[in-house]
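Here the structure comes first, spelled out in C-alpha cells, and everything after it is commentary.
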Amino acid sequence: MINRAMIVFLIFITISSTLSQDNQNDSLRIGRYCNIVLKYGFQAEGKIAQKNVDTVWLETDVTVLHIPIKDIKFVLNSDFELNSDGVPEVDSSKYMTAAAVDTTIECDLYLDGKIKLASMRLLPGTDSTFFALREGRKKEFKYSDVRKIVFKTGASFGRGFFEVGGIFFAVGFFTVALRKESEGFGGVKDGILFGILSAIPAGLIGGVIYAMTSTDDVYLFDKGNYESKTKKIKYLIQKHH
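Residues in the sequence shown are numbered from -8 upward in steps of one, following my numbering.
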C-alpha cells in the first residue's frame, strides 16, 4: 500500500514539474513582460495580461492591444528590438526618459492595426521615423504606420479668458488712466481697478465662447509609405509645436 502511494506521489510530482517547465518555456505566458514584433514590422512592449487560442492581450503603458497570434514574428525580452535587417539587438534608447521640450501639443495617435495611443506629444526623428512621448517616456514610430492624428485644442477656455480679458483690461485701463485725477476718477490706480473690473466679465464670456466653438484638428492618412504622407506629418509636428 505504501509503495503504491509513493508511486502515485512521484507521478504527481513529475507531472507538476513538467507543466511548470512548459509554462516557463511559453513565450506568451500570462504575466510576462516582453517586446512583441509583428510580421509587418510593428513592435509593442508591455505585459501579457490575457490570451486565448488566437489572441494575446498586451498591456502597454498607454493602452491594451489585442494582437492576433498568427501575426506575431518574434517575442523578445523587453530590452531587445529589431534592427533594419530583422536581427534582434539591444536598444539602449528604448523608452528613454525625455523632457517634453520642442514637442507638439497633446494628440491621439492612430496606427495600422486599429492601434490608438492617447494623449501623446510628437517629436521629429529621422527621415522615416518620429517619436511619441507620454509622461516623460518616448517611443519611435514610422511615418508609414500612421493612419490618423487628432490634435487636441485643450485649454481653450483659459485662452479665451486671457485673450479677451487682456483686451478689455487694456481698453479699460487706458480709458481711465489717461484721465486726470482732478476729474474725480482717473490716473493709474483707478485705471488698474477699472481695467480689472472690465477684464473679468469679458474674460469669462470669452472663455465660454472659445470653449464652445473649439474643435479638435483631425488628419486622416491612407495606408502605406509615400513621400507626401511623411511630409504632411512632419509639417503637422511643426505646426502644432
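A virtual CB, placed ideally from N, CA and C, is assigned to each residue, including glycine.
All of these numbers come straight from a predicted model, not from anything done at the bench.
Distance CB(V167)-CB(G177) smaller than 7 Å: Translated into positions along the sequence shown, residue 167 becomes position 176. Translated into positions along the sequence shown, residue 177 becomes position 186. A contact, by the Cβ cut-off of 7 Å.
When the Cβ atoms of the segment 190 to 206 are set against those of the segment 116 to 136, are three or more pairs found closer than 8 Å? no
Between A233 and V162, what straight-line distance do the alpha-carbon atoms span, to the nearest angstrom? Because the chain is modelled from -8 through 232, residue 233 falls outside the range shown and cannot be assessed.
Determine the burial state of K236: buried for a count of at least 16 other Cβ atoms within 10 Å of its Cβ, exposed for fewer. This structure gives no information on residue 236, because the portion of the chain shown stretches from -8 to 232.
For N43 and I191, the rounded distance between their alpha carbons: Counting from one through the sequence shown, the residue named residue 191 turns up at place 200. Counting from one through the sequence shown, the residue named residue 43 turns up at place 52. If you take the alpha carbons of I191 and N43, they lie about 58 Å apart.
Between the Cα of T144 and the Cα atoms of I187, A123 and R112, which residue gives the shortest distance? The residue labelled residue 144 in the question sits at position 153 within the sequence shown. The shortest Cα separation from T144 among I187, A123 and R112 belongs to R112.
Three-state secondary structure (DSSP) of I224: Taking the first residue of the sequence shown as 1, we reach residue 224 at position 233. Note: I224 maps to helix in three-state DSSP.
F165: buried (16+ other C-beta within 10 angstroms of its C-beta) or exposed? Within the sequence shown, numbered from 1, the residue matching residue 165 stands at position 174. F165 comes out exposed.
Can you name, in chain order, every residue of its own chain whose Cβ lies under 6 Å from the Cβ of T221, other than the five neighbours on each side? Here residue 221 corresponds to residue number 230 of the sequence shown, with the count starting at 1. Closer than 6 Å at the Cβ level, and outside the excluded window around T221, lie Y134.
Going by alpha carbons, who is nearest to G215 out of I21, L102, S18 and K64? For the purposes of this step, residue 215 is identified with residue 224 of the sequence shown, where counting begins at 1. Nearest option by C-alpha distance: L102.
Our contact map puts K107 next to D99 with C-beta atoms below 8 Å; I'd like the distance itself, whole angstroms only. Residue mapping note: residue 107 aligns to position 116 of the sequence shown, counting from 1. Residue mapping note: residue 99 aligns to position 108 of the sequence shown, counting from 1. Contact holds; Cβ gap of about 6 Å.
Candidates V155, V141 and F159: which alpha carbon is nearest F212's? Position 221 of the sequence shown, counted from the start, is the residue given in the question as residue 212. Checking every option, the nearest Cα to that of F212 belongs to V141.
Would DSSP call T54 helix, strand or coil? The residue given as residue 54 occupies position 63 in the sequence shown. Three-state result, T54: coil.
Assuming S205 and F159 form a contact by the criterion Cβ under 8 Å, report the distance between their Cβ atoms to the nearest whole angstrom. Here residue 205 corresponds to residue number 214 of the sequence shown, with the count starting at 1. Here residue 159 corresponds to residue number 168 of the sequence shown, with the count starting at 1. Incorrect: roughly 20 Å between the Cβ atoms, too far for contact.
Under three-state DSSP, which class holds F185? As a working note, residue 185 is residue 194 in the sequence shown. F185: helix per DSSP, three-state reduction.
In this structure, how does DSSP classify K143 when only helix, strand and coil are distinguished? Residue mapping note: residue 143 aligns to position 152 of the sequence shown, counting from 1. It is coil, neither helix nor strand.
Starting from the C-beta of V209, find all residues in its chain whose C-beta is less than 6 Å away, skip the five residues before and the five after it, and write them out in chain order. As a position in the sequence shown, residue 209 is number 218, starting the count at 1. Cβ within range, chain order: V141.
Kindly indicate which three-state DSSP category D62 falls into: helix, strand or coil? The sequence position of residue 62 within the sequence shown is 71, counting from 1. Three-state DSSP puts D62 in a helix.
Anticipated Cβ contact below 8 Å, I39 with I63, distance rounded: Along the sequence shown, one-based indexing puts residue 39 at 48. Along the sequence shown, one-based indexing puts residue 63 at 72. Not really, about 11 Å apart at Cβ, beyond 8 Å.
Determine the closest residue to K223 out of V137, F65 and A35, with distance taken between C-alpha atoms. By one-based count along the sequence shown, residue 223 stands at place 232. Taking only the C-alpha atoms, the option nearest K223 is V137.
Taking the C-alpha atoms as reference points, what is the distance between G182 and R150? Position 191 of the sequence shown holds residue 182. Position 159 of the sequence shown holds residue 150. Going by the C-alpha atoms only, they are around 24 Å apart.
Thinking C-alpha only, which one of V55, P59 and F185 is nearest L169? As a working note, residue 169 is residue 178 in the sequence shown. L169 has its Cα closest to that of F185, out of V55, P59 and F185.
Within 10 Å of its beta-carbon, does D13 have 16 or more other beta-carbons around it, so buried, or fewer, so exposed? As a working mapping, residue 13 is identified with position 22 in the sequence shown. Confidence at D13 is low in this model, with a pLDDT of 40, below 50, so the placement of that residue should be treated as unreliable; the coordinate-derived value is given next. Exposed: under 16 other Cβ atoms inside 10 Å.
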